[in-house]
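The block underneath contains the structure these notes are about, expressed in structure tokens.
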Amino acid sequence: MMNNKQASERPRGRPADVGQQDLRTQILDAAEELFADRGYAATSIRRIAEETSVNPALIHYYFGNKRALLQNVMDRALEPLVEAIASMQSNTEASPERIAGLLTSMAARHPNIPRLLMREVFLPGGEMQQHFADNMAPQLGGALPALLDREKTAGRLRSDADPAISAMLIIAVCVFPFIARTLAEPVLGIDFDAGGIDFLNRQITQLLKRGMML
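Read in order, the letters of the sequence shown are residues 1 to 214 in the working numbering.
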């Protein structure tokens, strides 16, 4: 039986049967979905707490404030992508196909992130524009064109392909389906389960091979 001292050491509102890391993940998952659905301004800490059945004070305990929570949501999804792309700089090949695979895998693991990026990074007044510009864009915006330019120099990319525009198009073709998911599923009949995403990735690969690669 837990004594008073043990009970007082537990962060306020934390369920007794949920580990700290699992609880953080649940909070991040709920925040990711709500921020993507409703936007940062319209999503309160209290609403996220209700979704995860915890006390709002616990979210403040783990993340500090709402903006820091949003930043944690973004970083959790994008930092592994940035690191994976950075590691490709030391490899001999960084084809559009491999880059697309990384982007699609990120979107499959975090299907709400593309919509969240649209709301809070790409549209005017987005809450994460400056954070993204300072911490993500240099690695993505700088690394991807450089990788594709290397592919072009090596003769693996079409000679008339512009590396910067090619990078933008690869991002668009991989990320937009997840932004359009709410219409793509009922209107176009596109599935976003594991099999559907695998099929989507193969279709993107074929498109890139025929349009960019030699």
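For every residue, glycine included, the Cβ atom is placed at its ideal position computed from N, Cα and C.
Across the structure, Thr104 and Pro145 are spaced so that their CA atoms are roughly 18 Å apart.
Out of Arg202, Thr52, Gln20, Phe199, the CA that lies nearest to the CA of Ala30 is found in Thr52. Judged by DSSP secondary structure, Leu183 falls within the alpha helix (DSSP H) whose first and last residues are 181–188. When secondary structure is reduced to three states using DSSP, Leu102 falls in the helix class. Here Leu140 is actually not in contact with Ile197; their C-beta atoms are around 21 Å apart, not less than 8 Å. With respect to the C-alpha of Ala167, the residue from Ser159, Lys66, Leu148 having the closest C-alpha is Leu148.
With distances taken between CA atoms, Pro177 lies nearest to Ala100 out of Ala137, Gly142, Ala100, Met136. Just so you know, the alpha carbons of Val187 and Arg202 end up roughly 21 Å apart. Note on geometry: alpha-carbon atoms of Ala41 and Thr153 lie some 45 Å from one another. Taking the C-beta atoms as reference points, Tyr62 is found nearer than 8 Å to Ile27. Pairing Ile204 with Ala57, the inter-Cα distance amounts to about 44 Å. In the DSSP annotation of this structure, the continuous segment of the alpha helix (DSSP H) that includes Phe35 starts and ends at 20–38.
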